[in-house]
Amino acid sequence: MVVPELRPWRAAGPLATRVANAVRPRLARARNAVRTPVTRAADAVRPGVTRVANALRTGVTRAANAARTGVTRAADAVRPRLTSAVTAAKPQVERLARVTGRQFARIPRPKTVKTWQYTATATTAGLALAASVVTVTGPWDSTGQRKVERDRAVALQRTGGADHEGSSGTAGGQPRPAPSAAFVLAALGGGARTSTSAPTGQGLSAVLRPLLKDAALGTRRTAVVVDVASGRRLYGSGADTALTPASTTKIATAVAALSALGADHRLTTRAALEPDTREVVLVGGGDPTLTAHRDAEGWASLRTLADRTAAALKKRDLHEVTLSYDATLYAGPRLHPIGVNENLAPVTALMADEARTDGSADGPVLRVTDPEADATRTFAAFLKADGIRTTAPGPSKATNRAESLAAVSSPPLSALVERMLTNSDNDIAEALARQTAVARGERADFDGAGKAIAAQLTKLALPLKGAAFHDGSGLDRADRLTANLLTALLVTAGDRSRPDLRPALTGLPVAGFTGTLTSRYTEGAAGLVRAKTGTLSGVNTLAGTVVDQDGRLLAFAFLTSNTTDPGAAQAALDRTATALAACGCR
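Under our numbering, the first residue of the sequence shown carries the number -18, and numbering increases by one thereafter.
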């Protein structure tokens, strides 16, 4: 590196030389005067220093031998743990290196690198690596939710919410709307780099066509790829052919619910006191995330509701009450057409912890058969602990004259949508479908929910040709969607003019890191693909977004039917999405 000499230093050069020449003889005389006494002093103390050094050497040697034994024992004890830690971390480190390495490889290198350019490039690479590490360690908690969003929802729980004229199960007078996840990852609405042109249809066809011919994808397969920034379809194969979508149906449910209710809408569970009867009614508002766990983790707490109810009763000098429950917000059969299934509880407006029997938060598990009665018995136990005795609970309906004692509200609808999509939560999906029906004035059962979803998507001018909705979760094999509709839903959710729909994108699992894609995409496209999976017997689907090699955000949908090996079909779909991530395709 060459540092240019500045003019002031050039001007001062002759003066500095004269000063140095003047003082040099004096410095030499002072050195000679001091050297002789210093030499004599050194000769006098040298024998003593030598004796002290010899004594210290012996002691230090003994101490070193003693310490070496202890250090060796400590190293032997720690070595297995370090080896285990390194082995456990190795896949994540390798995955991070692959993801960030490709990004760094795209940074153009100037022919002549100046000092400032080198510093700027190193700083950029360091920031990119830091951002990637944050992604790997995860701004998500164990349920797949981004922690910052969850914590913010908790902080604003008493200042948010929206009531649709009391018809949605949200009590009047409850919190007003507050911002939530609607603006998270706003760049998805068009913030992807647009300085480069989108892939061409010919380029995409050359890449995708051979992959979609894989026999593992069954006898029927459709595919669509769309540029999110422009909304233009780049590739289509069987785009308007309606197939069984499985859990990708949840994308449609998410968009319908968000557009009908708003991203800040909250679901409220309350306790009401009937006048002159001492009857307390636990009124379900259809919140599928209501929890009885001691640590509610930001979700509405049945324990908190019981504590508040007990305090309100004691103020009225009531210590013994008749307890009932009201789950009449929803109508029709509670059991899904597939029958009793570990993937879904009976659909009811009142349940705690999704009626799970093992304390889990997601995944298949045996459910209780009467969720509303079970939740109310748990509520009664909490009241008893607070000094309120109750009768055995039974069904009822709160009257318009009932006095509200206490209430708890869910986080904003945006958080429920994200949890539904990340974990493919069927209970939340069916609840949101019914809430959409309530908001649109339809009967809150399976048929009414399907009609409401279709009507809401029609209102958004989405292509519904061939589509059929029989539930909100996609468990019904009679559901039908097209690849064209799925990509249109994703593009609409990314529209900057519709920020309330953004959670339909931000909730999608991240390849290799979150939700149903945690164990997939361990090679290649980890972190670059966000997608909703769909799996039924003989059906494998995938729909989501991907950032291609040039930084363009693409929406894609792949639907297949008559597959025989679900693992092989998933792998084939993952290879296809990975090809999009690696593609410039021009």
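The beta carbon of each residue, even a glycine, is placed where N, CA and C say it ideally should be.
Segment limits, beta strand (DSSP E) that includes residue i
{"i": "Thr514", "result": "510 to 517"}
{"i": "Asn407", "result": "Unbroken run through Asn407 is the alpha helix (DSSP H), 407 to 421; no beta strand (DSSP E)."}
{"i": "Asp208", "result": "201 to 208"}
{"i": "Val398", "result": "Taken as a continuous stretch (DSSP letters only), Val398 belongs to no beta strand (DSSP E), being part of the alpha helix (DSSP H) at 394 to 404."}
{"i": "Leu254", "result": "249 to 255"}
{"i": "Glu260", "result": "260 to 264"}
{"i": "Leu386", "result": "384 to 390"}
Whole-number beta carbon distance between residue j and residue i, since they are thought to touch under 8 Å
{"i": "Leu413", "j": "Ala238", "result": "4 Å"}
{"i": "Gly199", "j": "Thr544", "result": "4 Å"}
{"i": "Asp460", "j": "Pro226", "result": "6 Å"}
{"i": "Thr371", "j": "Leu364", "result": "6 Å"}
{"i": "Arg259", "j": "Ser542", "result": "At roughly 58 Å, the Cβ-Cβ gap does not stay under 8 Å, so Arg259 and Ser542 are not in contact."}
{"i": "Leu540", "j": "Thr522", "result": "5 Å"}
{"i": "Leu254", "j": "Glu384", "result": "5 Å"}
{"i": "Leu441", "j": "Thr473", "result": "6 Å"}
{"i": "Ser395", "j": "Ala524", "result": "Rounded, the Cβ-Cβ distance is 20 Å, inconsistent with contact."}
{"i": "Pro180", "j": "Cys566", "result": "4 Å"}
{"i": "Gly313", "j": "Phe427", "result": "6 Å"}
Simplified DSSP state of residue i, which is helix, strand or coil
{"i": "Pro444", "result": "coil"}
{"i": "Asn324", "result": "coil"}
{"i": "Arg297", "result": "coil"}
{"i": "Ser178", "result": "coil"}
{"i": "Arg76", "result": "Legend: pLDDT at Arg76 = 49, less than 50; position of this residue unreliable, value from coordinates given subsequently. It is helical."}
{"i": "Val236", "result": "helix"}
{"i": "Asp531", "result": "coil"}
{"i": "Thr151", "result": "With a pLDDT of 40 at Thr151, under the threshold of 50, the predicted position of this residue should be treated as unreliable, though the coordinate-derived value follows. In the structure shown, Thr151 sits in coil (DSSP, three-state: anything other than H, G, I, E or B)."}
{"i": "Asn521", "result": "strand"}
{"i": "Gly212", "result": "coil"}
{"i": "Thr303", "result": "strand"}
{"i": "Ser341", "result": "coil"}
{"i": "Arg370", "result": "strand"}
{"i": "Gly313", "result": "coil"}
{"i": "Thr526", "result": "strand"}
{"i": "Ala330", "result": "coil"}
{"i": "Leu347", "result": "coil"}
{"i": "Leu364", "result": "helix"}
{"i": "Thr380", "result": "coil"}
{"i": "Leu569", "result": "Residue coverage of the chain in this structure runs from -18 to 567, which leaves residue 569 outside it and unanswerable."}
{"i": "Gly267", "result": "coil"}
{"i": "Thr544", "result": "coil"}
{"i": "Thr225", "result": "coil"}
{"i": "Ala507", "result": "coil"}
{"i": "Arg567", "result": "coil"}
{"i": "Ala281", "result": "coil"}
{"i": "Asp132", "result": "Confidence at Asp132 is low in this model, with a pLDDT of 41, below 50, so its placement is unreliable and no value can be given for it."}
Residue i versus residue j: straight-line alpha-carbon distance, rounded
{"i": "Tyr502", "j": "Arg483", "result": "24 Å"}
{"i": "Ser305", "j": "Thr290", "result": "14 Å"}
{"i": "Thr270", "j": "Thr303", "result": "26 Å"}
{"i": "Ser634", "j": "Gly267", "result": "The question about residue 634 has no answer, for the chain in this structure spans -18 to 567."}
{"i": "Glu335", "j": "Leu386", "result": "24 Å"}
{"i": "Leu310", "j": "Ala330", "result": "6 Å"}
{"i": "Val398", "j": "His246", "result": "11 Å"}
{"i": "Leu316", "j": "Ala233", "result": "22 Å"}
{"i": "Gly431", "j": "Leu193", "result": "31 Å"}
{"i": "Gly344", "j": "Asp406", "result": "8 Å"}
{"i": "Leu169", "j": "Thr439", "result": "The predicted model places Leu169 with a pLDDT of 47, which falls under 50 and marks its position as unreliable; any figure quoted below should be read in that light. Those two C-alpha atoms are separated by around 23 Å."}
{"i": "Asn324", "j": "Val346", "result": "7 Å"}
{"i": "Thr499", "j": "Gly508", "result": "10 Å"}
{"i": "Gly455", "j": "Leu294", "result": "43 Å"}
{"i": "Asp339", "j": "Ala410", "result": "21 Å"}
{"i": "Ala187", "j": "Asp195", "result": "14 Å"}
{"i": "Val321", "j": "Arg400", "result": "23 Å"}
{"i": "His274", "j": "Ala342", "result": "10 Å"}
{"i": "Asn465", "j": "Thr230", "result": "13 Å"}
{"i": "Ala433", "j": "Gly453", "result": "10 Å"}
{"i": "Ala549", "j": "Leu561", "result": "19 Å"}
{"i": "Asp529", "j": "Leu535", "result": "7 Å"}
{"i": "Pro547", "j": "Ser228", "result": "14 Å"}
{"i": "Lys296", "j": "Thr359", "result": "23 Å"}
{"i": "Ser240", "j": "Ala362", "result": "38 Å"}
{"i": "Ala354", "j": "Asp221", "result": "45 Å"}
{"i": "Gln416", "j": "Pro444", "result": "23 Å"}
{"i": "Arg556", "j": "Gly375", "result": "53 Å"}
{"i": "Gly219", "j": "Asp481", "result": "30 Å"}
Start-to-end residues for the alpha helix (DSSP H) that takes in residue i
{"i": "Leu561", "result": "547 to 562"}
Chain D within 8 Å of residue i, Cβ atoms only
{"i": "Val321", "result": "Structure shown: chain D not included; a single protein chain is present."}
In chain order, which alpha helix (DSSP H) runs of at least 4 residues are fully inside the region 439 to 505? 464 to 474, 484 to 487
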